[in-house]
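Take a look at the structure set out below.
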Amino acid sequence: MPSGPIQNVVEILAEPRTRFQDLTQRRLTFRLRSAMIAPSSGRRRRGQTMPRISRDPIDDASSAPLTPLPAPQPELVPLPGVLTALLGRDQELASLRALWRDRAGTPGGRLLTLTGPGGVGKTRLAIEFARRVAPEVADGVVFVPLASLATADLVLPTIARRLGLTQPDESSLAARLQRLLAGREVLLVLDNFEHLLAAAPVVSDLLIACPDLAVLVTSRARLRLSGERVVPVAPLALSPAVALFAERANAAASDFVLTDTNAPAVAAICARLDGLPLAIELAASRVGHLPPVALLARLERRLPLLTGGPRDTPARLRTMRDAITWSHELLRPEEQAVFRRLAVFVGGCPLAAAEAVCQPDLEIAVVDGIGALVDTSLLRLAEGPGAAAGSEGEPRFAMLETIREYGLEQLHACGEATAMRDAHAAYYLQLAERAEPAFVGPEQTAWLDRLEAELDNLRAALAWLCERGDAETALRLAGSLHRFWRNRSHVVEGYEWLERALAASEPASPAAHTKGLATAGRLAWERGDYARAEALTEQSLALARDHGDGVGVVGALCSLAVLAINRGDREGAEARGAEALALARELGYARGVGRALLALGEAARYQGDHDRALAYYDEALVVWRTLGDAGTAAAALTNLGAVARAQGNLPRAAALCREALALQQDLGIRWGIVWALGGLAGIAGAWGEPVRAARLLGAAEALAEAIALTLEPNERAEFARDTEAARAALGEAAFAAAWQEGRTCPLDEAIADALTVGLAAAPAPPPTTPPGEKLSPREVEVLRLIVEGRSDREIADRLSISPRTASHHVAAILSRLGVESRTAAATYAVRHHLG
272 MPSGPIQNVV
282 EILAEPRTRF
292 QDLTQRRLTF
302 RLRSAMIAPS
312 SGRRRRGQTM
322 PRISRDPIDD
332 ASSAPLTPLP
342 APQPELVPLP
352 GVLTALLGRD
362 QELASLRALW
372 RDRAGTPGGR
382 LLTLTGPGGV
392 GKTRLAIEFA
402 RRVAPEVADG
412 VVFVPLASLA
422 TADLVLPTIA
432 RRLGLTQPDE
442 SSLAARLQRL
452 LAGREVLLVL
462 DNFEHLLAAA
472 PVVSDLLIAC
482 PDLAVLVTSR
492 ARLRLSGERV
502 VPVAPLALSP
512 AVALFAERAN
522 AAASDFVLTD
532 TNAPAVAAIC
542 ARLDGLPLAI
552 ELAASRVGHL
562 PPVALLARLE
572 RRLPLLTGGP
582 RDTPARLRTM
592 RDAITWSHEL
602 LRPEEQAVFR
612 RLAVFVGGCP
622 LAAAEAVCQP
632 DLEIAVVDGI
642 GALVDTSLLR
652 LAEGPGAAAG
662 SEGEPRFAML
672 ETIREYGLEQ
682 LHACGEATAM
692 RDAHAAYYLQ
702 LAERAEPAFV
712 GPEQTAWLDR
722 LEAELDNLRA
732 ALAWLCERGD
742 AETALRLAGS
752 LHRFWRNRSH
762 VVEGYEWLER
772 ALAASEPASP
782 AAHTKGLATA
792 GRLAWERGDY
802 ARAEALTEQS
812 LALARDHGDG
822 VGVVGALCSL
832 AVLAINRGDR
842 EGAEARGAEA
852 LALARELGYA
862 RGVGRALLAL
872 GEAARYQGDH
882 DRALAYYDEA
892 LVVWRTLGDA
902 GTAAAALTNL
912 GAVARAQGNL
922 PRAAALCREA
932 LALQQDLGIR
942 WGIVWALGGL
952 AGIAGAWGEP
962 VRAARLLGAA
972 EALAEAIALT
982 LEPNERAEFA
992 RDTEAARAAL
1002 GEAAFAAAWQ
1012 EGRTCPLDEA
1022 IADALTVGLA
1032 AAPAPPPTTP
1042 PGEKLSPREV
1052 EVLRLIVEGR
1062 SDREIADRLS
1072 ISPRTASHHV
1082 AAILSRLGVE
1092 SRTAAATYAV
1102 RHHLG
C-alpha cells in the first residue's frame, strides 16, 4: 500500500460511491489537493483544531493556476483554558447534546444559540460543551471571541483571522472564507454576539455555503435566523449555586468551609442573588473579610457590593453593574424607558399591568419593548407558582432582582420614580377593588390565585402609599383585600398594613376610613386580639352611623356580635345580630343578611338552642349558595355539622363536614380546612374511632400552627374536649403516637383520611335516621342530578363546584345509601321521594 500523499488520495477515491458522488467538483478538487500536500505523518486526527493556513487553498476561477499549499502551521489552541469546574449545568449540556446529535437530520439545525442574562455563565457552558464534542469534529473547534468588537462589519474579518485567513483586500473575504470551510467539518464557537446582531447574515451565509459547518453562539439575544435552535441558560438552582459559592469562597479564603452554621446564610445569599454565577462569584470573593452572615446583611443593595472580579476576566464582567450596563446599552432609548419603568414591579407582572403602568409618554408599544427586553435577556417569562396567573391568562414577565435594582437606579436617575410608583399603586388599587366583589362568587378562587401571584406588587404598592402618607389610597387598597388576607393565610400581614395606613399622616375620606377600621377590626379578631378588634370595630360603627353608611353599619354589627359571643355575652350578641339582620334585609344587602344569620346561629348554638341554630345556619347556607360564595357556604356547612353532632345525628354531621372540607380544599382556604378537620375528628371520636380522631386533631393543630391561625375561645374549648376524649380512650402513649402521626402527615393525606369519616361501617352505628337525613343538603342536590342522569362533570358545572368535589359527593352518597351504582342511588331517591 502506498504511503503519504498518494495513500491519502487513494483513501478519498475509495470512499463509498454515494458519498463520493455527493461531492461537488470544487469540493473534490479541494480534498484531493489537500491530500496530496498532507504531511507524510498521516491525516489529521479527529478532534484536532483547524490548522492555520497562510493563504486561501482555493482561488477564484480567474486566479492563477493552482499551486501547492505550504504545510500546516502548528495547531491553534481551540478553546480558552478553564481553571474551575462547571457546576449545575447537566440539563443544559444534555439539551445541547440532543440538538447536536440531531443536527444532520434537522434542516438548519447546525446553529445553536445559548441565550441568557449577563453573568449567567453562557461562555463557560459553551466552552465545556465544545470541549466535550471536540473529539467528534473531524476538523476541529475554533473559538472566536467577539466581545471587543465595536461594529458588526468586523465579525467576518475576525472569524477569518481566527482561521488563519488574511488578505489586505477584504472584498472577496466572505467567498474565500466559505470556500475554505466548504470541505471541512468544523465547530465554530462565536462568543458574545449580542452587540453585533447586524452581522447575523454572515453566520447564515456560512452555514448555507458550508454543509459540514456547525456554529455555537453565546449571546444575550437570539440571532433570529432560520433554523436557529435556542437553548436558554437559566440561573443556577440552589444546590449548585451554594456549591459554587463554597468553591469560590474557599479560593478567596482558604480556611472557608461550608458548615451547618454558615450554610443557611450562604443559601440565602445565593437566593438573593437570583442564582447568577457571576454575582455569586463576586459575593464569594468577599468572604475573606465578610463572613456569610455579614455579607447577607449587606445585600439589601446588591450592586455596590458585587465588584472586584478577577483581573483575568473581561472588564465587562468585573462588576455586576458592568455586566448589566453592557446589555442596557444595547437597547434603543425607547426600549431603555420600558426597561426602567418595568423595574417598578416586584416579582414580575402580566402584560396588562405593564401596559397600564408604563405606557404613558412612551414612543414604543410596551409589548414591543417587552419583546426587546426578553430578546436581550433583561426580562424573562416568569416560572413557578403564579406564572400563569396573569390577566386573562397572559404570561407574567419578571426581572432578576439584581437586574431590577439596576433598573430602579436608572428610574431614579431619569426622575421618573415617583410617577411610576404612583401609577403602580393606582393600578393595584384598581385591581384589588375589581377583585373584592368577585371574592363572593364562582370566580373567587381565580381571583385569590391572581392576587397571590401579585402579592409582592401589592406589598410594594402599600409600602409606597404608607411612605407617602396617602391614607386614603392605602386604606382602600388594604381594606379591599380582607378576603384575600384571610383566605390565603396573610391575616397578620394584612392587619399590620391596615394599622400602618390608619396611622398615615394624610387624612382619608369617611368611606375609606370606615372600611379600613372595619377590616382592621376583622383581622385583629382573626389573629386573636379581641380587645383591639372591638375597639377598631366600635370606631368603624360610629363613623358609619355618622355618615349614613348602612352597609358599614351592618358589617360592624355582625363583627361585634361574634366578638360578644367570644367574651360570653350571649344577649349582646343576639342584640347586635338582630339589628344587623333587620338593617341588611331593609337595605337588600344579601352579604349582610348571610353574615348576620351566621352570627345569630353562633349565639344560639353556644346557648345550646340547637333548633334555632339549625334554622339560622340553614338560611345562611341558602344565602351564601345563592351568592355563589362557596367558602362561606363551607363555613355554614361546618357549623351545621357541629349542630347535627350535638343532636346525636352523626351520619348527617359527617356528611356536612365532609362536604365542607372538600369545598375548602378546592378553594385552598386553609383556615376552613382546620375547622373541617377538627369537626370530622370530633365525629370520628364520637363514632368510636379514637385513633383516627387523634390523628386528625394532630393534623388540624399542625396546619393551624403553619398558618398562624388563632382559634376562637369556643372553638378552642371544643378542640380541647375532643382531644381529651381521644386521650382518655387511647391512653397517653397511644394517643401521643396517633397525634404525632397526624402532625407529620402530608396535608393531602390527612384530608383524604378525613373525607372517609362516616363512610365505613362504624364500630357502634348510630340509630337509623330518616332517608333524607342520611345526606347533607348538598348531597341531596347531587342525588337529584344523578336521577337526571348527569355525569360528575355535568354535576360540577351545574353546582359551580370542581369535578373532584362532585366525585367526592357521588362516592359519599353511594356509601351512605348502601348501594353500589348510580342507578341504584337514583332508584333509592325515587322510592324515598328525594328525586
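Under the working numbering, the first residue of the sequence shown is numbered 272, with each subsequent residue one higher.
Beta carbons: idealized from backbone N, C-alpha and C, even for Gly.
Within the same chain, P666 come within 6 Å of L652 by CB-CB distance, once the 5 residues on both sides are set aside. Beta-bridge partners of P503 (DSSP): T386.
Where A669 is concerned, there is no enclosing alpha helix (DSSP H), although the beta strand (DSSP E) around it starts and stops at R667 to A669.
Below 8 Å, enough C-beta pairs join the region 973-989 and the region 931-943 to call them touching: three or more.
Around the Cβ of Q810, a 10 Å sphere holds 16 or more other Cβ atoms; the residue is buried. Remark: C-beta atoms of A806 and A742 do not approach each other more closely than 9 Å. Counting only residues of its own chain and dropping the five nearest sequence neighbours on each side, R675 has a CB closer than 7 Å to the CB of A614. For A870, the CB contacts under 8 Å within the same chain, skipping 5 residues up- and downstream, are C829, A832, V833, I836, A844, R847, G848 and A851 in chain order. Note on D373: under 16 other CB atoms within 10 angstroms of its CB, so exposed under the neighbour-count rule. Listed in chain order, the non-local C-beta contacts of L487 below 6 Å within the same chain comprise L383, A397 and V460, local neighbours out to five positions each way being set aside. By the Cβ rule, the region 903-920 does not count as touching the region 692-708, because fewer than three pairs are nearer than 8 Å. For F990, the enclosing alpha helix (DSSP H) begins and ends at P984 to L1001. In the three-state scheme derived from DSSP, where H, G and I count as helix and E and B as strand, F414 is classed as strand. Around the beta carbon of P535, a 10 Å sphere encloses fewer than 16 other beta carbons of the protein chains shown; the residue is thus reported as exposed. If you look at A485, you'll find it in the beta strand (DSSP E) that goes L484 to S490.
Here I1022 is not near L934, since their CB atoms are 9 Å or more apart. DSSP links R569 through a beta bridge to no other residue.
Here I1066 is buried. Its C-beta has 16 or more other C-beta atoms within 10 Å. Here the region 503-519 makes no contact with the region 462-482; the two share fewer than three CB pairs at distances below 8 Å. Residue pairing by DSSP places D727 in no beta bridge whatsoever.
In this structure E725 is buried. Its beta-carbon is surrounded by 16 or more other beta-carbon atoms within 10 angstroms. Classified as buried, V914 has 16 or more neighbouring CB atoms from the shown chains inside 10 Å of its CB.
Proximity to V504 across E738, A1004 and R360 peaks at R360, based on C-alpha coordinates.
Bounds of the alpha helix (DSSP H) holding V637 are V637 to D646. When beta bridges are read from the DSSP output, E456 appears opposite no residue. Per DSSP, R603 lies in no alpha helix (DSSP H) and is assigned neither H nor E. Between V391 and P506, the CB-CB gap stays under 9 Å. Here the C-alpha atom of V558 lies approximately 8 Å from the C-alpha atom of F527. Residue pairing of C620 in beta bridges, as defined by DSSP: F668.
Residue environment: G1060 is assigned as exposed (fewer than 16 neighbouring CB atoms within 10 Å of its CB, all protein chains considered). DSSP lists no beta-bridge partner residue for L444.
Counting only runs that start and end inside the region 799-871, the alpha helix (DSSP H) elements of at least 4 residues fall at 801-817, 821-837 and 841-858.
In this structure, E930 sits away from H818, with a CB-CB distance that is not shorter than 9 Å. Bridge partners of D741 according to DSSP: E777. One alpha carbon belongs to Q607, the other to L682, and they sit about 10 Å apart. Taking C-alpha positions only, S776 is separated from S1073 by approximately 46 Å.
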